[in-house]
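Those letters in the sequence shown? Residues 1175 to 1368, by the working numbering.
Heads up, the thing below is written out as structure tokens.
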Amino acid sequence: MRWFTDRYCRARNLGCNRYESYQCCPMPPGASSFPYMRATSSGPVGIVVFTEVTNTGYCGLCDHTGSLNTCHPNSPFHTVFVAQISQCQPGMRFPEQHPNARIPVVEQHAECNETVPINTASIDGHDYDVTGTEAERNEIMADLLNLSDEEFAAKWASKYRGPATDMDDMDTPTTLATTLSTAIAPASSATNSA
């Protein structure tokens, strides 16, 4: 589940990776700067559940739903979770059951079970850990909005995770590779060739 700054869900984003069904991804700082969202899943079939934001920034009551792997407008801002609907796979209904019959298992799980922290910041096709103290986490999230790609890469090189995950239609990262290799590489002495 990722919050994006652009309408195509390809630009800078914050997100909750490695989440389970019914786990809420909370509201990021500066939520109005993230007017789009996308949730992807390599596991069971599910739906994205958009919820009202509670006074603590977590998932509240269901507002509307959407499909996985789709870039959704999210303004005004709603928190989200993914509801697994593997109970709806073909062959799970009785032959005499109406195709629009309600499924009790899904209705029992109409809200999220817990919240997972925002743990990933992505910029220019590269992922960074959003871990550490609350102050450090907030600084990383604020810098995602306020620093240039190169400034962010240099400042948070120690948090670099690798090429962006969960970004199936994002262009291959290229412009940040040189900055990262320079920021991460140990200083080397210059050699002269004759």
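Backbone N, C-alpha and C fix where the C-beta goes; we use that ideal spot for every residue, glycine too.
Fair warning: this is a prediction, and the values are worked out from it, not measured in the lab.
Along the alpha helix (DSSP H) that carries residue i, what are the first and last residues, could you check?
i, result
"isoleucine 1314", "1308-1320"
Keeping to the same chain, check which residues put their C-beta closer than 8 Å to that of residue i; ignore five residues upstream and five downstream.
i, result
"serine 1241", "Ile1221, Val1222"
"alanine 1316", "Pro1203, Gly1204"
Can you name the start and end residues of the beta strand (DSSP E) that residue i belongs to?
i, result
"phenylalanine 1178", "1176-1178"
"alanine 1327", "Here alanine 1327 belongs to no beta strand (DSSP E); instead the alpha helix (DSSP H) covers 1323-1329."
"proline 1337", "1334-1337"
"isoleucine 1292", "Segment: none, isoleucine 1292 is in no beta strand (DSSP E) and carries neither H nor E."
"methionine 1117", "No answer is possible for residue 1117: the residues shown for the chain start at 1175 and end at 1368."
"isoleucine 1221", "1220-1227"
"glycine 1189", "1187-1189"
Sorted by chain position, which residues of the same chain lie with C-beta nearer than 6 Å to residue i's C-beta, five sequence neighbours on each side aside?
i, result
"arginine 1276", "Interpretation of arginine 1276 is limited by its pLDDT of 44, a score under 50 that renders its predicted location unreliable; no figure is taken from the coordinates."
"serine 1296", "Asn1187, Ala1338"
"glutamate 1226", "Gly1234, Leu1235, Asp1237"
Nearest to residue i by CA position, among the options, is which residue?
i, options, result
"histidine 1252", "Ile1259, Cys1198, Ala1295, Asn1187", "Cys1198"
"cysteine 1286", "Gly1217, Thr1239, Cys1245, Gly1234", "Gly1234"
"histidine 1246", "Arg1212, Arg1335, Met1315, Ala1309", "Arg1212"
"cysteine 1190", "Glu1308, Gly1231, Pro1291, Arg1335", "Pro1291"
"glutamate 1288", "Phe1178, Pro1200, Arg1176, Tyr1182", "Pro1200"
"threonine 1214", "Val1227, Thr1228, Glu1194, Ser1206", "Glu1194"
"isoleucine 1259", "Gly1217, Thr1244, Ala1309, Gly1336", "Gly1217"
"tyrosine 1196", "Ile1314, Asp1317, Cys1236", "Cys1236"
"alanine 1205", "Lys1329, Tyr1182, Trp1177, Glu1324", "Trp1177"
"serine 1207", "Ala1309, Cys1183, Val1219, Asn1229", "Cys1183"
"methionine 1175", "Ala1185, Asn1243, Thr1228", "Asn1243"
Do residue j and residue i count as a contact pair if the criterion is CB distance below 7 Å?
i, j, result
"histidine 1238", "phenylalanine 1224", "yes"
"lysine 1333", "aspartate 1303", "yes"
"asparagine 1320", "proline 1203", "no"
"threonine 1294", "aspartate 1301", "yes"
Could you name the residues of the same chain whose beta carbon sits closer than 7 Å to that of residue i, not counting the 5 residues immediately before and after it, in chain order?
i, result
"cysteine 1180", "First, the amino acid is wrong: residue 1180 is aspartate here, not cysteine. So the qualifying residues of the chain are Tyr1210."
"serine 1249", "Pro1209"
"tyrosine 1232", "Cys1198, Pro1200, Thr1253, Thr1289"
"arginine 1335", "Asp1301, Tyr1302, Asp1303"
Give me the DSSP bridge partner(s) of residue i.
i, result
"tyrosine 1232", "Answer by DSSP bridge pairing: none, since tyrosine 1232 is not bridged."
"glycine 1375", "This structure leaves residue 1375 out entirely; the chain is present only between 1175 and 1368."
"histidine 1300", "Ile1297, Pro1337"
"cysteine 1199", "Val1254"
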